[in-house]
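Everything below concerns the one structure shown next.
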Amino acid sequence: IANPLDFTQWTLSNYANVLGDNQAGVNMGAAFINSFVVTVPATIIPILIAAFAAYAFTFMEWKGRDIVFVVIVGLLVVPLQVALVPLLKIYASLHINNTFLAVWLAHIGFGMPLAVYILRNYMSSLPKAVIESAKIDGASHFTTFWRLIIPMSYPALASFAIFQFLWVWNDLFVALIFLQGEPVMTVALKALMGQQGQGYALLTAGTFVTMLLPLVVFVSLQRYFIRGMTSGAVKG
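In terms of the numbering used here, the sequence shown is residues 1431 to 1666.
Encoded structure:
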């Protein structure tokens, strides 16, 4: 039986093979960059758009506001698989199939309802006295949104950022359909296993590499989550 404390048998060759060229023909280093390029815009853009929408649904009065919000919440029950064929036809007409833009639009569109729902519910719990004070001082909607609402909404923003980042980073279905020419981490992991299930040593190394960035994101946003909870307190 091998002794796990025998450091002479430890090796990093599997990680070197995973990040470079290997027998499976998969370059995890390139796949890591592709996943990063896909995930970052697909996480930041929904947060920005949903934050503006949540502010409008919470602090602005306009006709049909509640109806539009109910429609957006109702879109939560629509899975991406239902819209697969229409999206493929639309992307083909726009000539954006197999591009990063196609994946961004798919993730942004189907992540937006959850983002609006989470941020709107959180903003509705914020103290109204702060918003009224800003209006009395002559602050515009944009100033109120950027200077007051965003700092007090750090917990909700961090929570959705974690959900969206993990969902996009671990996605396999959308990447297989809309990004066939540029493999991402999940597609590369699938290729490392091989058709007969061989290559488990490379698979475990590739899985660890895939987990690194989500762990960093979670730890980083956890700090901002706590900071947002404390900075949102109202002092009398």
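Where a beta carbon is used, it is the ideal one built from N, C-alpha and C, also for glycine.
By the criterion of at least three beta-carbon pairs nearer than 8 Å, the segment 1566–1577 is not in contact with the segment 1628–1641. Our two residues, Ile1538 and Phe1572, have alpha carbons roughly 23 Å apart in a direct line.
Put simply, of Val1498, Ala1536, Thr1529 the residue whose alpha carbon is nearest the alpha carbon of Val1515 is Ala1536. With respect to the 9 Å criterion, Thr1473 and Val1598 are classified as neighbours on the basis of their beta carbons. With three or more CB-CB distances shorter than 8 Å, the segment 1583–1598 counts as touching the segment 1477–1485. By a beta-carbon distance limit of 8 Å, Ala1483 contacts Val1546. Their separation comes to about 5 Å. For Lys1558, the enclosing alpha helix (DSSP H) starts and ends at 1558–1566.
When the alpha-carbon of Asp1496 is set against those of Arg1550, Asn1447, Tyr1521, Leu1609, the nearest one is in Arg1550. Annotation: Val1456 is outside any alpha helix (DSSP H) and is labelled neither H nor E by DSSP. Apart from sequence neighbours up to five positions away, the residues of its chain that approach Asn1464 with a beta-carbon distance below 6 Å are Glu1612, Val1614, ordered along the chain.
From the listed residues Ala1481, Phe1489, Asn1447, Val1467, the smallest Cα separation to Lys1558 is found for Phe1489. Sequence-distant Cβ neighbours of Pro1471 in its own chain, meaning closer than 6 Å and more than five residues away, are Trp1534. Beta-carbon to beta-carbon, Lys1620 and Leu1642 are separated by about 19 Å, too far to satisfy the 8 Å threshold. Sixteen is the threshold: since fewer than 16 other Cβ atoms of the shown chains lie within 10 Å of the Cβ of Phe1638, the residue is exposed.
In the displayed model, Asp1496 falls within a helix according to three-state DSSP.
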